[in-house]
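Notes follow once the structure below has been shown.
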Ligand code: PCA
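Residue numbers (the numbering used here): 126 to 337.
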């Protein structure tokens with residue numbers, strides 16, 4: 126039986142909830158076909174985010190790692206394609222760090238690509254009626270920082286990792302000014318994406334690019 130570690134960020138930026146953490150609580154112990162899900166919560170803090178996930182990897186010895194965070198303003202579940210070696214925080218993290226134009230890893234490459242089958246994940250979610258898209262930017266805040274840091278840590282292993290951004294939950298924005306999704310749909314989407322990861326050693330060839 127394979128193991129899939131799914132991590133969820135804590136609330137940040139003055140919010141009292143983060144859909145990533147709420148979703149991860151519901152996903153703990155989920156039995157997929159051929160894998161079981163384990164989870165952990167992650168502080169929205171520069172280095173501690175990476176240290177927390179590395180510790181969970183050491184504890185659980187997973188085959189796959191999916192790190193998940195909130196992207197307020199997105200209307201779909203978005204597996205990220207690329208992590209960049211830049212911290213440029215528009216707001217402080219939960220411990221008050223606000224790096225501007227600093228590297229995540231001083232000696233690391235400019236970018237790492239996700240090693241998850243992002244297109245298979247997107248197609249599986251779309252096929253089951255969950256809005257999903259490939260994203261080509263994880264931003265320059267703690268989500269990108271964690272995505273980059275874990276890719277760097279896992280670079281010489283067979284453990285696959287990628288980051289997924291999810292929309293706000295319905296109750297986080299009730300005035301209609303931002304797109305939202307129900308927690309049930311977010312959890313269903315992440316479960317479908319998790320199964321697609323286990324089912325697809327190699328990604329599928331499926332057009333999901335964007336034109337600016
Ligand atoms: N989203 C933020 C950090 C934590 C989270 O859930 C981001 O996109 O960087």
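Don't be surprised by glycine CBs; every beta carbon is placed ideally from N, CA and C.
Roughly how many whole angstroms lie between the Cα atoms of residue i and residue j?
i	j	result
residue 262	residue 159	31 angstroms
residue 268	residue 239	13 angstroms
residue 297	residue 140	8 angstroms
residue 208	residue 138	21 angstroms
residue 184	residue 275	15 angstroms
residue 147	residue 133	8 angstroms
residue 284	residue 321	16 angstroms
residue 328	residue 280	18 angstroms
residue 187	residue 287	13 angstroms
residue 192	residue 325	18 angstroms
residue 242	residue 221	35 angstroms
residue 154	residue 128	10 angstroms
residue 189	residue 225	31 angstroms
residue 206	residue 150	25 angstroms
Give every residue of the same chain whose Cβ lies closer than 6 angstroms to the Cβ of residue i, excluding the five residues on either side of it in the sequence, and list them in chain order.
i	result
residue 223	214 and 217
residue 144	195, 291, 294 and 311
residue 331	244 and 248
residue 177	167
Cutting at 7 angstroms between CB atoms, please list the residues of its own chain near residue i, excluding the five before and the five after it.
i	result
residue 250	202, 257, 314, 317 and 318
residue 174	167, 168, 267, 270 and 271
residue 255	202, 310, 313, 314 and 317
residue 335	261
residue 227	212
For residue i, which residues of its own chain have a beta-carbon under 8 angstroms away from its beta-carbon, when the five flanking residues on both sides are left out?
i	result
residue 152	131, 162, 164, 312, 315, 316 and 319
residue 230	210, 273, 274 and 277
residue 171	212, 218, 220, 222, 224, 267 and 270
Any residue with its Cβ nearer than 6 angstroms to a heavy atom of ligand 1 should be included. What is that list in chain order? 134, 137, 143, 145, 169, 194, 195, 196, 264, 266, 267 and 268
Can you confirm whether the region 302 to 321 touches the region 193 to 210 when touching is taken to mean that 3 or more C-beta pairs between the two stretches lie within less than 8 angstroms? yes
Just to confirm the assignment: which complete alpha helix (DSSP H) runs, minimum length 4, are found wholly within the region 250 to 285? 267 to 279
Pair every Cβ in the region 223 to 240 with every Cβ in the region 308 to 315, then say whether three or more of these pairs are closer than 8 angstroms. no
Starting from the N-terminal side, write out each stretch of the alpha helix (DSSP H) that is 4 residues or longer and does not extend beyond the region 158 to 199. 171 to 185
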